Amino acid sequence: MQSASASRSPAPSFAPADASVAPSLAQFDPELAGFIDDEAVRQRETVRLIASENYASRAVREASASLLANKYSEGYPGARYYEGQQNIDKVERLAIARAKSLFGAEHVNVQPHSGSPANLAVYLAFLQPGDPVLALDLAHGGHLTHGARVSLTGKHWNVQHYGLSRETGRLDYDAIRAQARELQPRLIIAGHTAYPRHQDFAAFRSIADEVGAILMVDMAHFAGLVAGGVHPSPLPYADVVTTTTHKSLRGPRGAMILCREAHAARIDKAVFPGLQGGPHNAITAAIAVCMKEATTPEFARYAQACVSNAAALADSLLEHGFELVTGGTDNHLVLVDLRSKGLGGKPVAQALDRAGLVANYNAVPWDTRPPRDPSGLRLGSPAMSARGFGEAEFRQIGAWIASAVDSGLDEAVLARIAGEVRELCVRYPMP
Ligand SMILES: *Cc1c(COP(=O)(O)O)cnc(C)c1O
């Protein structure tokens, strides 16, 4: 029963509730809030070289933390399974329209929860279990979802792998074509997670046409460079393009599938109801923000810096006697082969972390060491380029890595570098 005072209450206010009613995170859960504060310090005071990481803007983070997450929206704009979609439909349509225009895509699905489910949705859309697929080997720069044995994609489909040429250290399109003729794959996957060069999407298109395969390009790593106009776009060549939104694109943790109109219905059905339930609406909103940011001149400058900074880092490492997979870089990635230095990737990555230089160990092609302790170190330029580092700073990073490695990972040297890293980082505020 309603009380008299409740029925006379004033018009509802949407102002934030009083702190005593709605405690902040720090008030309600200081233990957890402390972990987040510590992570902010770590992100601010270290040089982040993990090629898949970045800094999302304040606007992106605001949208991704918004109350849009409170809403369930199974289905697509105009065709939902729950009512109350007046605002959500506008948000999702805006994200889609911006992504189509940014990349020149005929159709975009912005609902995949992340890159791996986006790729799974493509398998689901086009393949029957056991169908043949041709993709880049994990040890040569492919992703787990490109049919690695430990991945669902490697268990449910017959994925064969192409790799780099031993002679050139690059992709050999004649060899890939010969493999495709032999396998007759239903799906060919291009794109990568650790190949420091451009790929020839026209060559992949011609191979796919010859064997009647669907061509998917996974541009998770380099989508931001494509958006910024400093990397060839796969859109004119691929039937389907998948991408994460949180790597070089600097958006929220999410993904998109871009495809030709002819495949739109299959792709949408594969994402929902094939693979997922409700979309993460706050993330959809943040993707819309990210797509808007990616059209700005600042973003184009950032994308250009990703490429020139990776090149400066590669040069600096070569000057210090390091060996690089493919001998250099065309994109945001540098893959160091540490075998000539007599050290494994894992101890080097762990030592560099103590020096404030955060990277990941990585397999190199024809690695002679096990995947848990491979011979490579993967370095990426996006995060620090987003923070404003230029070529001089990236050359300095190369010099730091050289002093650490050439000292045999001496703790005193690592401590000295950590101090210098902190000093440099505070001059480049994080977004
Ligand atoms: C990162 C990545 C993915 C997977 O993305 P998650 O969001 O981690 O699931 C897929 N493909 C490639 C090439 C990637 O680099």
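No gaps in the numbering here: position 17 of the sequence shown is 528 in the numbering used here, and each next residue is one more. Note that the Cβ used here is the ideal one computed from N, Cα and C, for glycine as well. Predicted, not measured: the structure shown is a model, and the values here were computed from it.
query, result
"So what's D884 in DSSP terms, helix, strand or just coil?", "coil"
"Flag this pair as touching only if the stretch 626-645 and the stretch 777-786 have three or more C-beta atom pairs under 8 Å; answer yes or no.", "yes"
"Any idea if E904 is buried or exposed, counting beta-carbon neighbours within 10 angstroms, 16 or more meaning buried?", "buried"
"Assuming the contact rule is C-beta atoms closer than 8 Å, P885 and N871 should be a hit. Round their C-beta distance to whole Å, please.", "10 Å between Cβ atoms; not a contact."
"For Y872, name the three-state secondary structure that DSSP assigns.", "strand"
"Exposed or buried, which one is S612 when buried takes at least 16 other CB atoms within 10 Å?", "exposed"
"Among residues of its own chain, excluding the 5 on either side of A805, which ones have a beta-carbon nearer than 6 Å to its beta-carbon?", "L613 and A738"
"Enumerated in chain order, which unbroken segments of the alpha helix (DSSP H) with a length of 4 residues or greater are wholly contained in the stretch 536-620?", "536-539, 541-556, 569-575 and 597-614"
"Buried or exposed for A943, going by 16 or more other Cβ atoms inside 10 Å?", "Outside the displayed span of the chain (512 to 942) sits residue 943, for which this structure offers no information."
"Taking a contact to mean a Cβ-Cβ separation below 8 Å, would you say N842 touches H757 in this structure?", "no"
"Do the CB positions of V845 and L828 come within less than 8 Å of each other?", "yes"
"Would you mind sorting T879 into buried or exposed? The rule is 16 or more other CB atoms within 10 Å of its CB.", "exposed"
"On the DSSP letters alone, give me the boundaries of the beta strand (DSSP E) that A766 sits inside.", "A766 to C770"
"Is the number of C-beta pairs between the stretch 581-591 and the stretch 813-824 that are closer than 8 Å three or more?", "no"
"Nearest to G887 by CA position, among V847, D826, I718 and P623, is which residue?", "V847"
"Among residues of its own chain, excluding the 5 on either side of L675, which ones have a beta-carbon nearer than 7 Å to its beta-carbon?", "H651, R681, L682 and P876"
"What residues does ligand 1 have around it, judged by CB closer than 5 Å to any heavy atom, in chain order?", "S625, G626, S627, H654, T704, D729, A731, H732 and T755"
"By Cβ distance, which residues of its chain are closer than 7 Å to L694, with the 5 residues on each side in sequence left out?", "P643, L645 and Q671"
"Flag this pair as yes or no: are the beta carbons of L849 and I908 separated by less than 8 Å?", "no"
"Apply the 10 Å Cβ neighbour rule to Q622 and answer buried if 16 or more other Cβ atoms are within range, or exposed otherwise.", "buried"
"So for G723, helix, strand or coil by DSSP?", "coil"
"Taking all protein chains shown into account, do 16 or more other C-beta atoms lie within 10 angstroms of the C-beta of K601, making it buried, or fewer, making it exposed?", "exposed"
"My assumption, with CB atoms under 8 Å, is that T755 sits in contact with A731. Please give the rounded CB distance.", "4 Å"
"Excluding sequence positions up to five away, which residues of its chain have a Cβ less than 7 Å from the Cβ of R898?", "Y566, Y939 and M941"
"Using the rule of at least 16 other Cβ atoms within 10 Å of the residue's Cβ for burial, across every protein chain shown, is A515 buried or exposed?", "Here A515 scores only 46 on pLDDT, less than 50, and its place in the model should not be relied on; the value that follows carries that caveat. With fewer than 16 other Cβ atoms within 10 Å, it is exposed."
"Cβ atoms of V932 and A866: under 8 Å apart, would you say?", "yes"
"Since R889 sits in a beta bridge, which residues does DSSP pair it with?", "L846 and N871"
"Looking at ligand 3, does it come within less than 7 Å of K611, judged from the CB to the closest heavy atom?", "Ligand 3 is absent from the structure shown, which contains only ligand 1."
"If you draw a straight line from the alpha carbon of V751 to that of F539, how long is it in whole angstroms?", "45 Å"
"Candidates I547, T557, R761 and A551: which alpha carbon is nearest G930's?", "T557"
"Ignore the nearest five residues each way along the sequence and tell me which others in M512's own chain have a CB closer than 6 Å to its CB.", "Confidence at M512 is low in this model, with a pLDDT of 42, below 50, so its placement is unreliable and the value that follows should be read with caution. For M512, where only same-chain residues beyond five positions count, there are no Cβ hits under 6 Å."
"Apart from the five residues on each side of it in sequence, which residues of its chain come closer than 7 Å, Cβ to Cβ, to N596?", "Per the sequence shown, the amino acid found at residue 596 is Gln instead of Asn. Around Q596: S584."
"Quick one: Cα of E564 to Cα of V722, how far?", "36 Å"
"Closest to Y813 by C-alpha separation, out of L760, T795 and G853, would be which residue?", "L760"
"For L854, which residues of its own chain have a beta-carbon under 7 Å away from its beta-carbon, when the five flanking residues on both sides are left out?", "V916"
"Of all the options Y673, A686, E678 and A691, which has the alpha carbon lying nearest to the alpha carbon of H703?", "Y673"
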